[in-house]
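Report on the following structure.
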Amino acid sequence: MSLSEQEIFEKVKQVIVKQLGVSQDEITKEASFTDDLGADSLDTVELVLALEEEFSTEISDSEAEKLTTVGKTVEYIQKNLK
Amino acid sequence: MGAITPVGNTLPEYWKALISGHSGIDYISSFDTTGFSTKIAGQIKQFDPSLFFDFKEVRRTSKFILFAVAAATEAVKNSGIEIQQYPDRVGVEIGSGIGGLEVMEEMAYTLKEKGPSRVSPFTVPMMISDMASGMVAIKLGAKGPNSCSVTACASASHSIGNAFRLIQRGDVDVMIAGGSESAVCPLGLASFCAARSLSTFDGDPKKASRPFDANRDGFVMGEGAGVLILEDLDHALKRGATIHAELIGFGATGDAYHITAPAPEGEGGNRAMKLALKDAKLSPEDIEYINAHGTSTHLNDKNETEAIKFVFKEYAYQVPISSTKSMTGHLLGAAGAIELIACVKVITEGLIPPTINYETPDPECDLNYTPNVAIAKKINVAMSTSFGFGGHNAVLIVKKFS
Chain A
1 MSLSEQEIFE
11 KVKQVIVKQL
21 GVSQDEITKE
31 ASFTDDLGAD
41 SLDTVELVLA
51 LEEEFSTEIS
61 DSEAEKLTTV
71 GKTVEYIQKN
81 LK
Chain B
83 MGAITPVGNT
93 LPEYWKALIS
103 GHSGIDYISS
113 FDTTGFSTKI
123 AGQIKQFDPS
133 LFFDFKEVRR
143 TSKFILFAVA
153 AATEAVKNSG
163 IEIQQYPDRV
173 GVEIGSGIGG
183 LEVMEEMAYT
193 LKEKGPSRVS
203 PFTVPMMISD
213 MASGMVAIKL
223 GAKGPNSCSV
233 TACASASHSI
243 GNAFRLIQRG
253 DVDVMIAGGS
263 ESAVCPLGLA
273 SFCAARSLST
283 FDGDPKKASR
293 PFDANRDGFV
303 MGEGAGVLIL
313 EDLDHALKRG
323 ATIHAELIGF
333 GATGDAYHIT
343 APAPEGEGGN
353 RAMKLALKDA
363 KLSPEDIEYI
373 NAHGTSTHLN
383 DKNETEAIKF
393 VFKEYAYQVP
403 ISSTKSMTGH
413 LLGAAGAIEL
423 IACVKVITEG
433 LIPPTINYET
443 PDPECDLNYT
453 PNVAIAKKIN
463 VAMSTSFGFG
473 GHNAVLIVKK
483 FS
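Line by line, the protein sequences are chains A and B. So that you can map any letter, position 78 of the first sequence is 78 in the working numbering, and since no number is skipped, the others follow by simple counting. Position in the second sequence (from 1) plus 82 gives the number in the working numbering.
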């Protein structure tokens with residue numbers, strides 16, 4: 001699939017809302033999953049699983065570790081989408 | 083005390099339903115029962131988890147845990163204990179026979195269809211039977227001994243009995259004790275159907291659970307939770323607590339007989355009753371009401387009747403007995419808790435809930451089962467019996483507090 005950065009951001013926001021129960025407005029590109037969006041260690045694992053489902057992609061554990069903010073996640077997905 | 087049951091989501095609703103002879107059994111609404119030999123159960127209706135959990139937590143918490151927290155929250159609120167003042171003196175023992183079965187079932191599909199990397203990281207904490215106790219402690223800040231018993235249909239009774247012992251030993255002042263179960267999912271239903279344990283009655287679902295009746299043909303599954311706050315007497319008196327009853331006896335034995343069938347003549351059950359009486363320093367004639375295990379299976383009800391006759395002899399024919407499973411269904415790991423709660427209410431309210439659907443007496447079950455209608459009677463001492471698959475027998479005795 002080929003998606004624009006904005007489309008990716010929107011989809012990522014939907015997944016975060018569903019997983020973490022936060023409101024859309026709280027989800028900025030700078031937002032940190034753990035510091036700003038209230039995710040604990042298990043939440044972030046499940047979030048990665050949900051993103052893998054949504055974008056039909058695989059995100060290794062070592063890559064997932066680096067995706068600490070919404071922005072970094074959007075960037076990673078855009079780079080790795082086929 | 084706190085309860086969430088197929089006949090009421092709070093303690094007052096539960097008791098009101100029991101006294102009215104109201105059944106909470108109906109066609110299962112949470113999944114398609116096509117192909118199942120039993121299509122009915124006692125399910126929790128209109129439960130709102132957001133009263134106890136935020137949105138995110140509900141997604142990562144299985145139903146038996148949600149129910150345990152609901153019942154424990156009600157119980158703690160009613161009791162007035164202030165856990166934050168002495169957190170390490172408040173422990174938790176909330177048992178469950180099966181734990182998060184619906185999660186295990188879902189994740190088994192995910193594993194098979196999508197592979198191991200797609201299994202939710204919350205699977206283990208949602209599945210394991212001890213997490214009801216764990217989550218209650220997390221939510222309420224209780225830092226005392228945290229454990230539970232897993233003894234199938236006797237889980238709650240064992241959990242309460244063990245909590246009793248911890249207080250008697252002086253290890254804690256307060257115990258949040260009981261049981262919780264939610265196994266009414268396709269795998270749970272299919273498993274009990276396959277073991278031929280369930281009623282296959284295809285008439286009015288409310289009539290299927292008929293303990294001690296000649297036409298009984300198996301139990302009806304139920305789900306829910308019951309929690310009691312047990313407290314050291316001095317601790318309770320010191321804080322001016324309202325004391326509903328006194329827990330005075332606990333007896334536990336093993337059948338060492340069969341994985342599902344009870345020992346013949348209720349041999350293991352009668353020993354547990356005798357031990358509970360000995361623990362309470364009472365004779366059989368001191369028991370004024372028995373809330374029976376009374377599952378509505380052919381074997382349990384027959385064997386339990388024999389056990390009661392063995393222990394109580396001639397008095398067995400006089401003591402009022404009832405099985406509230408006739409109305410709630412069999413809550414498995416939670417049954418012992420909601421039934422002990424019923425015993426406490428019998429003592430404080432002077433009303434005995436009936437065994438409903440009692441239509442045709444069975445010559446093998448010829449005792450007084452309080453048929454169909456509640457009876458007003460002053461009761462000072464009540465006994466609750468629970469017998470689990472695997473031969474786990476647990477009997478508790480409560481007495482009016484004075």
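Backbone N, C-alpha and C fix where the C-beta goes; we use that ideal spot for every residue, glycine too.
Where residue i meets chain B, residues with beta-carbon distance less than 9 angstroms
i	result
L20 (chain A)	F137, K138
Boundaries of the beta strand (DSSP E) in which residue i is found, first to last residue
i	result
H380 (chain B)	H380 (chain B) -> not in any beta strand (DSSP E); alpha helix (DSSP H) instead, spanning 380-394.
V480 (chain B)	474-481
L47 (chain A)	That residue, L47 (chain A), is in no beta strand (DSSP E); its alpha helix (DSSP H) goes 41-55.
F469 (chain B)	463-470
I77 (chain A)	Element bounds for I77 (chain A): not the beta strand (DSSP E) but the alpha helix (DSSP H), 70-80.
N352 (chain B)	Where N352 (chain B) is concerned, there is no enclosing beta strand (DSSP E), although the alpha helix (DSSP H) it sits in stretches over 349-362.
G306 (chain B)	306-313
I372 (chain B)	371-373
The ligand NAP heavy atom lying under 6 angstroms from the CB of residue i
i	result
I176 (chain B)	The ligand NAP is not part of this structure, which contains no ligands at all.
Which residues DSSP lists as bridging residue i, in chain order
i	result
A87 (chain B)	Here residue 87 (chain B) turns out to be Thr, not Ala, going by the sequence shown. Note: T87 (chain B) sits in a beta bridge opposite B:G90.
Y339 (chain B)	None, per the DSSP bridge assignment.
V201 (chain B)	Bridge partners of V201 (chain B): none, in fact.
E263 (chain B)	B:G306
M257 (chain B)	B:G173, B:L312
S32 (chain A)	A:T69
I122 (chain B)	B:Y109
A334 (chain B)	B:A476
L248 (chain B)	Paired residue(s): none; L248 (chain B) is not in a bridge.
L329 (chain B)	B:V480
F301 (chain B)	B:L280
S62 (chain A)	Answer is none; S62 (chain A) lacks a bridge partner.
S229 (chain B)	B:E175
Residues that residue i contacts on chain A, provided the C-beta gap is smaller than 8 angstroms
i	result
S202 (chain B)	E46, L49
Opening and closing residue of the alpha helix (DSSP H) in which residue i lies
i	result
F137 (chain B)	137-141
M505 (chain B)	No information on residue 505 (chain B) is available, as it lies outside the stretch 83 to 484 that chain B covers here.
V206 (chain B)	205-209
T5 (chain A)	Note on identity: in this sequence residue 5 (chain A) is Glu, with Thr being the wrong assignment. Here the alpha helix (DSSP H) through E5 (chain A) covers 5-20.
I110 (chain B)	Element bounds for I110 (chain B): n/a, residue is neither H nor E.
I147 (chain B)	145-161
G216 (chain B)	213-222
Under 7 angstroms from the C-beta of residue i: neighbouring residues of chain B
i	result
L42 (chain A)	P203, F204
Closest by C-alpha distance to residue i, when choosing among the options
i	options	result
F301 (chain B)	B:P131, B:K221, B:P402, B:N382	B:N382
A393 (chain B)	B:L414, B:L222, B:D368, B:S404	For the sequence presented, residue 393 (chain B) should be read as Val rather than Ala. The option with the nearest alpha carbon to V393 (chain B) is B:D368.
I457 (chain B)	B:L222, B:G473, B:E431, B:E386	B:E431
A374 (chain B)	B:K138, B:P287, B:P293, B:D444	B:P293
V232 (chain B)	B:V480, B:N475, B:H340, B:I330	B:N475
I311 (chain B)	B:A123, B:K159, B:S279	B:K159
G173 (chain B)	B:S199, B:G216, B:P198	B:G216
A150 (chain B)	B:G472, B:N244, B:E396, B:I126	B:I126
S484 (chain B)	B:L433, B:M83, B:L271, B:L315	B:L315
L449 (chain B)	B:V401, B:G418, B:G411, B:L413	B:V401
A389 (chain B)	B:S132, B:A272, B:G351, B:T342	B:G351
E370 (chain B)	B:K320, B:A318, B:G418, B:Y451	B:Y451
E95 (chain B)	B:I479, B:A354, B:K427, B:A190	B:K427
G223 (chain B)	B:M186, B:Q166, B:G261	B:Q166
A123 (chain B)	B:G117, B:S111, B:F134	B:S111
#### Entry: Those runs of the beta strand (DSSP E) which lie wholly inside the region 275-299 of chain B and span at least 3 residues
none
#### Entry: Residue ranges of each alpha helix (DSSP H) within the region 396-462 of chain B, 4 or longer
407-410, 417-431
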